[in-house]
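58 is the number of the first residue of the sequence shown in my numbering; add one for each residue after it.
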Amino acid sequence: MKPSRPLFLVALVIVVALITWAVLRSAYVSLPPLPWTAVPTLLLLALGEGFTGFNLLRRIRRKPNTKPVEPLAVARTAALGKASAHTAALIAGVFGGFAASLADSLDKSTPRHDFFVSIGTFLAAVVLVGAAFFLEYACRVPKDPDEERRDRNASRA
């Protein structure tokens, strides 16, 4: 499994936002108001993934007072980070499209409410993407010190 690529995730956000914007141009009036509950949910997920990433990073780097981690658990956690990054990018795209679609209707009460909810959800999804990237990064096996020294010497030459 390869790590998530930031450019792919940005493209995913933009494409999904454009599709959502196009669909909402005609379908928004038939939708119920957006719930705000996604914001704390995404932020709690980001907090959990950030905390897990921090602890896992310390255990993989074998910091003092930490137990070694099972390789299969690291692989599963890396898969969780990748899945979270892609899912959060999709969510960010949907709510970014909502915000773009509603930006010209802020004089009405319901669209204004939905605009602010969609902006909050978009930002929470971006925070989750960052936490998922960190979780993926924490799952990487550190380079051998001799290999790092060779890489530094090769870059200087």
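Idealized CB from N, CA, C, for every residue including glycine.
Can you give me the Cβ contacts of residue i inside the same chain, cut-off strictly under 6 Å, excluding the 5 residues immediately before and after it?
| i | result |
| --- | --- |
| Leu102 | Leu185 |
How many angstroms separate the CA atom of residue i from the CA atom of residue j?
| i | j | result |
| --- | --- | --- |
| Thr98 | Leu88 | 22 Å |
| Ala132 | Leu159 | 41 Å |
| Lys200 | Leu147 | 33 Å |
| Val183 | Ala140 | 14 Å |
| Val67 | Leu104 | 22 Å |
| Ile117 | Ala195 | 8 Å |
| Ala145 | Thr134 | 16 Å |
Counting only the same chain and skipping the five closest in sequence on each side, list residues whose C-beta sits under 8 Å from that of residue i.
| i | result |
| --- | --- |
| Phe190 | Ser61, Pro63, Gly138, Ala142 |
Should residue i go down as buried or exposed, given a rule of 16 or more other Cβ atoms within 10 Å for buried?
| i | result |
| --- | --- |
| Ser215 | Here the chain has residues from 58 to 214 only, and residue 215 is not among them. |
| Pro125 | exposed |
| Val70 | buried |
| Pro92 | exposed |
Please say whether residue j and residue i have beta carbons closer to each other than 9 Å?
| i | j | result |
| --- | --- | --- |
| Phe173 | Gly153 | no |
| Asp164 | Pro90 | no |
| Ala156 | Leu100 | no |
| Gly150 | Val80 | no |
| Gly187 | Val96 | no |
| Glu58 | Ala136 | The sequence given here places Met at residue 58; Glu does not occur at that position. Yes. |
| Glu127 | Leu192 | no |
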